[in-house]
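One structure is given here, and the rest of the page talks about it.
Residue numbers (this note's numbering), protein chains in the order written: chain Y, 1 to 707; chain R, 1001 to 1345.
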């Protein structure tokens, strides 16, 4: 091997590139940028401002942070619902005024002051909510108007009553405690913010009203179509925001024991910047309370830090403006391009040098030499069927197959011209097998292992196995269950072909060629599913050996067949029995003469085999070309191969014309005939096998005769 | 977007090709066209004194009105180009680099060994396209995959000797003398037509959606251009992938390369692209393909006007030559082994 090739092999097989794509599929990566910004901001100001982390300084900052966080949480909820609330600053100021006026002028107890504050917030929030939610005015203009009116009202009130508040001698321990005291070392505003944040977070992520808010923000029309009361939901987001601002206003009133002309000035810009910088989308539907809190900390640390460094209001506003612009740009670009980035980086090819195959070229004289025999097959269901991956026959000779519409179709013996939908499953049924009681067991792509009783009742048997310790993608769920067979003790052995791609993207797995295929076993006795083998390159067909002591399974992208021992000295281990075939191995089934049929879903091409040794070329291919242009294995020509107990190739057949059976994914022998399926085909083939036992039925071979 | 140049470092620049649009709008014109004659590897067509000649491997055939073919002459190696002068004298070029005019081999200057096209001008001059210095015409695909640009165009004035008009061309594959001392030449590997005169060469038509082959005059003063293979984004990628390409040239048999070809889909050892997968019995016409058939009519200003196609699911691929003979359009499909007589273009 050349040095360059060896380096490529190391580079692509040892560096786990695939993890980048897997991590990017996680929703929490949205938090990564704001979190990084948070760390950088805190670290920067913490290191350049002496005493930034000292206790007193922190106490004061955190009080302010608590109040600010309350406002941001309220605004976050409004933004999640698809709106915007510019009136938070004026509601905040008016509530503060209500509190001090009630407490100092009207000389009412603290709880009345709190209620007065909340009532103010509620009233303003309700006005906003009514105008925007029910009258459907534009959120931006409406809250701008309430902001201006609220601010004007506040200015009038503070001029008229400011001096009375200054001169009042009312005092209360409760009031002072709220404004100045700490509980367990933490100030009241921070406690309120924590409690509200937790409650809001739980409500948004775990409760019906919270989901409604997210749904409305994500898509009003879909939410409406789903039966959500869109207008009411929008209304309540503004009421909630008003209440949050009001609570914050009450807290600042207790802290300052008064209200001045500057209270709440510019708060709306600060809060908006915080919510957006934290990563909440302005478009609605995407975001969280945690993001709002991160934004709040970033903005507050930034503004306080700049003030303590001696910069004026102008600089401060400028920095906020720039921050907001950057955050909005990143938000929009990220939202728009995330899936593109994911598409481009998800496929992470590995290096593989395939063994030199024997030729399958017609006339090459090898046992694999293809012919045109399968083009003689008669067709069943031509034009009605789409995608019969596997086919099977019951004891009454009826024929069953899955379709890409998510159904199991039954064709009636003897001529198979009449058919019915035997069961509707929803996913793409792939492998099929009958158990001892005549239940049809099927591997359903992207769903799991299902059983269908003879009267058509569908039951899920298994959809998950144990998660492996090192997985980033959740590999507990079955991503591409492909084929199965059933042992005499009733245990169902089945394959899950890949952990990286969904069932309909199965062919993409060949480009990546990473070994993530598994062999699993489902035990009907206790309903458990266990992973037996892992790390194969697309595990596919499964077939019990005639003596039931072992099973065969195919590894498609390596063109191999393995044997897994169920009993005997090698029980629980696997060995490769046929390797380096010229075609990609698929389903395996028993033949009547004690041998086995195996399908080739496609043929190896020299250019694709070579590309497996050039992972960097494949990686660039996936990034620079649209998927339709990617180099694939040649899955336009398949075939049927028969091998015996000693793994000699007995027979090979194909349809080289490509008209009837370009790709073959399964075949089933039944009473002297071979039934042929293909996952991308529009028919089932029916082929008479010369010399085959005309009475042989797999159901009898597996489960004995039944009366 | 402004970040694209930075992101390109990580993700690579998308490979794009000209769309089949406007005058190149896809149709099934060639697949629906009647077959005038079945002729294996039918290649170059020309009309001499009212008779249509076609080359087919080493054989030279005369075509009758109704498509009857008669073998006129056979050579030891394949014919690579044909032309006839005003008197009906035939010039025949062979794969071993010999040029025979009126039955006698001509002495050629050093440097001509790969004659891909011949044409006589109105003034009796003979123009000759020499595809490459490294390869014979039959090894065109190797010349492309090596990204050579060593082709040249030569002219012999009536009674004179061959002189080189242009060099450094990437596989000149068609030549059409125009009035004066000028000719239009199709430069295949660069997907363009260039104008060659005493002053050298300049591109006149760029960004063709395929690999251009022979040029011939149309009665209305325009030009017929044959395009023998499509541009394909995977092939363009492979052309940029040096290590893969050289390994492929060493290890993979030539007919199974990821490269343009005259016909495709005939062996399971050929490369397959995702879009070419046969699904539910259908091979999509717009699937990416390594071979294609296309004849384009250009007007007198060389602007493309109309075209006939044989698409990915068709068989009349590898159209290397098209002529107008007595008002009738004839198209040789080298990959489809036939000569077509489409109704019109």
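Glycine is no exception: its CB is placed at the ideal position from the N, C-alpha and C atoms.
Worksheet item: Could you give the distance in angstroms between the alpha-carbon of residue 98 (chain Y) and the alpha-carbon of residue 117 (chain Y)?
Response: 5 Å
Practice prompt. On a CA-only basis, which of R:1066, R:1131 and R:1048 is nearest residue 1091 (chain R)? Give me that one, please.
Written response: R:1048
Item to complete: Compare the beta carbon distance of residue 377 (chain Y) and residue 660 (chain Y) with 8 Å and say whether it is the shorter of the two.
Response: yes
Practice prompt. Give every residue of the same chain whose Cβ lies closer than 7 Å to the Cβ of residue 1075 (chain R), excluding the five residues on either side of it in the sequence, and list them in chain order.
Written response: 1058 and 1094
Fill in: Whole-angstrom distance between residue 11 (chain Y) and residue 1152 (chain R), CA atom to CA atom
44 Å
Worksheet entry | Local Cβ density within 10 Å of residue 1025 (chain R), reported as buried at 16 or more and exposed below that | exposed
Worksheet item: Applying a beta-carbon distance threshold of less than 9 Å, which residues of chain R neighbour residue 681 (chain Y)?
Response: 1278, 1279, 1280 and 1281
Fill in: Short-range partners of chain Y found in the region 1313–1326 of chain R, where Cβ spacing is below 7 Å
none
Discussion item. According to DSSP, is residue 456 (chain Y) part of a helix, a strand, or is it coil?
Written reply: coil
Fill in: Best match in Y:607, Y:644 and Y:160 for proximity to residue 1251 (chain R) [C-alpha to C-alpha]
Y:607
Discussion item. Would residue 729 (chain Y) pass as an interface residue toward chain R - the criterion being a Cβ-Cβ separation below 8 Å?
Written reply: The requested residue 729 (chain Y) is not part of the displayed model; chain Y covers only 1 to 707.
Worksheet item: Among the residues of its own chain, which have a CB less than 6 Å from the CB of residue 105 (chain Y), if the five just before and after it don't count?
Response: 164
Discussion item. Out of R:1035, R:1060, R:1213 and R:1241, which one is the CA nearest neighbour of residue 1296 (chain R)?
Written reply: R:1213
Worksheet item: Of the choices R:1344, R:1262 and R:1156, whose alpha-carbon is the least far from that of residue 1333 (chain R)?
Response: R:1262
Practice prompt. Could you have a look at residue 629 (chain Y) and say whether DSSP puts it in helix, strand or coil?
Written response: helix
Practice prompt. Drop a sphere of 10 angstroms on the beta-carbon of residue 252 (chain Y), count the other beta-carbons inside from all chains shown, and report buried for 16 or more, exposed for fewer.
Written response: buried
Fill in: Residue closest to residue 140 (chain Y), alpha-carbon to alpha-carbon, out of Y:203, Y:78 and Y:457
Y:78
Worksheet item: Does any C-beta atom of chain R lie closer than 8 Å to the C-beta of residue 662 (chain Y)?
Response: yes
Discussion item. Considering only their Cβ atoms, is the gap separating residue 441 (chain Y) from residue 484 (chain Y) smaller than 8 Å?
Written reply: yes
Item to complete: Output the distance between the C-alpha atoms of residue 700 (chain Y) and residue 506 (chain Y), rounded to the nearest integer angstrom.
Response: 33 Å
Item to complete: May I ask you to list the residues that DSSP assigns as paired with residue 553 (chain Y)?
Response: Y:542 and Y:562
Worksheet entry | Own chain, CB closer than 7 Å to residue 67 (chain Y), minus 5 neighbours either side, in chain order | 189, 248, 251 and 252
Discussion item. Distance cutoff 8 Å, beta carbons only. Does residue 677 (chain Y) sit that close to anything in chain R?
Written reply: no
Discussion item. Can you check whether the C-beta of residue 1013 (chain R) is within less than 8 Å of a C-beta belonging to chain Y?
Written reply: yes
Discussion item. Just to confirm before moving on: does the CB-CB distance between residue 790 (chain Y) and residue 41 (chain Y) stay below 8 Å?
Written reply: It is not possible to answer for residue 790 (chain Y), since the shown part of chain Y is limited to 1 through 707.
Discussion item. With H, G and I counted as helix, E and B as strand and the rest as coil, what does DSSP make of residue 396 (chain Y)?
Written reply: coil
Fill in: Proximity below 8 Å, CB of residue 380 (chain Y) to CB of residue 393 (chain Y)
no
Discussion item. Does residue 1242 (chain R) come out as helix, strand or coil in the three-state DSSP assignment?
Written reply: helix
Worksheet item: So, are the CB atoms of residue 328 (chain Y) and residue 272 (chain Y) less than 8 Å apart?
Response: no
Worksheet item: Using a C-beta cutoff of 8 Å, does residue 1020 (chain R) count as contacting chain Y?
Response: no
Fill in: Collapsed DSSP secondary structure at residue 318 (chain Y) in the structure displayed
helix
Discussion item. Which of the three DSSP states is assigned to residue 18 (chain Y) in this structure?
Written reply: helix
Item to complete: Report the partner residues of residue 66 (chain Y) according to the DSSP bridge assignment.
Response: According to DSSP, which records beta bridges pairwise, residue 66 (chain Y) is partnered with nothing at all.
Worksheet item: Start and end of the alpha helix (DSSP H) containing residue 1061 (chain R)?
Response: Residue 1061 (chain R) -> not in any alpha helix (DSSP H); beta strand (DSSP E) instead, spanning 1059–1063.
Practice prompt. Output the distance between the C-alpha atoms of residue 696 (chain Y) and residue 670 (chain Y), rounded to the nearest integer angstrom.
Written response: 6 Å
Fill in: Those runs of the alpha helix (DSSP H) which lie wholly inside the region 319–361 of chain Y and span at least 4 residues
none
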